[in-house]
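Each residue of the sequence shown is one higher than the one before, counting from 21 in the numbering used here.
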Amino acid sequence: RRLKELAHIESTVIRNPVDLEKWRSQSSWEQREHVLWIGRYDRHHKRPLACLDAARQLPHIPFVMIVNRGDDTVEQEVRRQVPPNVRLINYVPHDQLVNYFTKSRLFLSTGTAEHEGFPNVLLEAAASSTPIVSMQDFDDFLAQSGAGTWVNDDPPALVSELQSLWTDQHRWNECSAAGRRYVEQHHRRDSTYQAFAQLLRRICQSTSSQSSPADPEPRSL
């Protein structure tokens, strides 16, 4: 849609594939121990300071922040301000993130669509049946999936939604099941691979039909 608006180019969307077995979680609401945040040290994209602000107002809720290197100044700010209920982790290999998602009651996204595309961590949260609380709704994912809630960059509302989903087991179960169901329906690896293969076939057929054989070389008499 954005490509058509800016460059007037038609495009086809291939949904990101998700390994559903890898991200499957059997952990219940009671077994989920913290709110998970994943990103990097920056001021405008992932916005870790927004996570700290929320955590500071929810001292009874444990937070785990997996933060990759980025802006050194922001890193220093975060480390100075980190409250007791926040555990900072410098780096986790991607293939080990599932261990954190399956122990998380909620996933918190403080990123902004103004500066980044759709975050794959939202799919991973949904696939692991972890409800999402987000500052923004990237590509209407939460509205369509029911995997969580968003607050349109409203910090007080963010705190309120975190508190609500942390304590409301019925609502948590609904979001948990809806997110997993949506990913199963729309992001299965076999379905996305088939869609990509079909697109390539259409492109090849279109290119073949539009091409014309080269003019034969003139024959000498």
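The beta carbon of each residue, even a glycine, is placed where N, CA and C say it ideally should be.
Local conformation of residue 169 per DSSP, three classes: In the structure shown, residue 169 sits in a strand (DSSP, three-state: E or B).
Ignore the nearest five residues each way along the sequence and tell me which others in residue 78's own chain have a CB closer than 7 Å to its CB. A distance below 7 Å between beta-carbons, with the five flanking residues on each side excluded, links residue 78 to the following residues of its chain, in chain order: 179, 182, 183.
Cβ neighbour criterion (16 or more within 10 Å) applied to residue 26: Counting the other Cβ atoms within 10 Å of the Cβ of residue 26 gives fewer than 16, which makes it exposed.
Spell out the partners DSSP gives residue 81 in its beta bridges. Looking at the DSSP assignment, residue 81 forms no beta bridge with any residue, so it has no partner.
Bridge-paired residues (DSSP) for residue 203: DSSP, once it has assigned bridges, lists no residue as partnering residue 203.
DSSP three-state label for residue 89, please. In the structure shown, residue 89 sits in coil (DSSP, three-state: anything other than H, G, I, E or B).
Our contact map puts residue 168 next to residue 154 with C-beta atoms below 8 Å; I'd like the distance itself, whole angstroms only. 6 Å between Cβ atoms; contact.
Counting along the chain, where does the alpha helix (DSSP H) carrying residue 48 start and finish? For residue 48, there is no enclosing alpha helix (DSSP H), as DSSP gives it neither H nor E.
Return the chain-ordered list of same chain residues with a C-beta closer than 6 Å to the C-beta of residue 159, the five sequence neighbours on each side being excluded. Excluding residues within five positions, the ones whose Cβ falls inside 6 Å are 138.
Residue 52 classed as buried or exposed, judged by whether at least 16 other C-beta atoms fall within 10 angstroms: Classification of residue 52: buried, given that the 10 Å Cβ count is 16 or more.
Pull up the distance between the alpha-carbon of residue 100 and that of residue 94, whole angstroms please. Each residue's Cα considered, the two are about 10 Å apart.
Can the beta-carbon of residue 82 be found less than 7 Å from the beta-carbon of residue 54? Judged by their CB atoms, residue 82 and residue 54 are nearer to each other than the 7 Å cut-off.
Can you tell me where the alpha helix (DSSP H) holding residue 118 begins and where it ends? From DSSP, the alpha helix (DSSP H) with residue 118 extends over 117-121.
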